[in-house]
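The block underneath contains the structure these notes are about, expressed in structure tokens.
Residue numbers (this note's numbering): 2 to 335.
Structure, rendered in structure tokens:
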């Protein structure tokens, strides 16, 4: 059976608040645990009114405290925004509180606009060009303390916190292969290099003490409902969100609409459809077919599912449907 996981951005919907978004995140995680999802990951974004997971490690602690068995982690922490020591301490603390349940997924993008990125990194003198070195430094903090080591992560040193590299290009795929780490591709919003990145990762993989063989996770959007029409309408919320981002006016997640006609230009429509092309949208049978095609084409070891849906009950139903079709994929793909 191909494991399914969830990627949550803690959506703040129109007429709601970040506090309600975080309550809904915990509720979804508790349902996901019962439905057999393997992981529940939160994503770091900043200066986004519609996303409540900016303080990612704090939200991970909130979700882990409210669940019992599901793995909880970051999808991801944007490492250039932080000191590797701080991340080692944060995730060392999480691993100490919730042993054997914490994942640390790392990205190298800022997760925001350039001005906000500057505010995040102010005075640090850091850039994405140091990502390789930052990952190595972070790994060193999780290693057992060495004789004469002057700076250590407390908690953190000697703890087994799985590190994943996440990305949407060849860079992270090649680095994950070189370091022998698991790799997650952000195809749910950046599909262009999906297959070539997976090929580079698998082809260049070097076994490590962490991982004996390559392990690839693929991001996919799921908008599922009892009928294809209902599901297609649910997706219009994230389509509106993408248009607002492209226009430089990010806002709260909007209610779904019957039709997107007149709400976007032909160029915007094409761009959004392309960005969200790795998606399964429809009834349970439609979603089952779409996910089987994606799983077979990518040979994914795991699928991580995103779904920015306005109504929380509809969101729960969508992830429940996805969990229900998971078991049928094994015979089709393996």
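For each residue, glycine too, the CB sits at the ideal point set by N, CA and C.
Length at least 4, wholly inside the stretch 33–83: the alpha helix (DSSP H) runs in chain order: 57–66
C-beta atoms of residue 217 and residue 235 nearer than 8 Å: Position 216 of the chain shown holds residue 217. Position 234 of the chain shown holds residue 235. Contact: no.
Reduced DSSP secondary structure (H/G/I, E/B, other) of residue 4: Sequence index remark: in the chain shown, residue 4 carries index 3 (1-based). In the structure shown, residue 4 sits in coil (DSSP, three-state: anything other than H, G, I, E or B).
Per-residue DSSP class, three states only, for residue 129: Numbered from its first residue, the chain shown carries residue 129 at position 128. Note on residue 129: pLDDT 48, under 50, position unreliable in the model; the coordinate value appears next. Here residue 129 sits in helix by DSSP.
Validate contact between the stretch 197–212 and the stretch 277–288 using beta carbons, cut 8 Å, 3 pairs: no
Closest by C-alpha distance to residue 62, when choosing among 330, 30, 272: Sequence index remark: in the chain shown, residue 62 carries index 61 (1-based). Checking every option, the nearest Cα to that of residue 62 belongs to 30.
Residue 259 classed as buried or exposed, judged by whether at least 16 other C-beta atoms fall within 10 angstroms: Counting from 1 along the chain shown, the entry for residue 259 is found at position 258. So residue 259 ends up on the exposed side.
Which residues DSSP lists as bridging residue 225, in chain order: The residue given as residue 225 occupies position 224 in the chain shown. In the DSSP output, where bridge partners are listed per residue, residue 225 has 283.
Cβ-based neighbour list, residue 287, same chain, cut-off 7 Å, excluding 5 preceding and 5 following: As a first step, residue 287 must be located in the chain shown, where it is residue number 286. The answer, listed in chain order, is 229.
Status (buried if at least 16 other CB within 10 Å, exposed otherwise) for residue 242: Locating residue 242 in the chain shown gives position 241, where the first residue counts as 1. Buried, because 16 or more other Cβ atoms sit within 10 Å of the Cβ of residue 242.
Buried/exposed call for residue 336, threshold 16 Cβ in 10 Å: No information on residue 336 is available, as it lies outside the stretch 2 to 335 that the chain covers here.
Proximity of residue 41 and residue 3 at Cβ, strictly below 8 Å: What you label residue 41 is simply residue 40 of the chain shown in a count that begins at 1. What you label residue 3 is simply residue 2 of the chain shown in a count that begins at 1. No, the pair does not count as a contact, with Cβ atoms beyond the cut-off.
Coil, strand or helix - residue 326 by DSSP: One-based indexing of the chain shown puts residue 326 at position 325. Correct three-state label for residue 326: helix.
Min CB distance residue 113 to chain B below 8 Å: Here there is only one protein chain, and chain B is not present.
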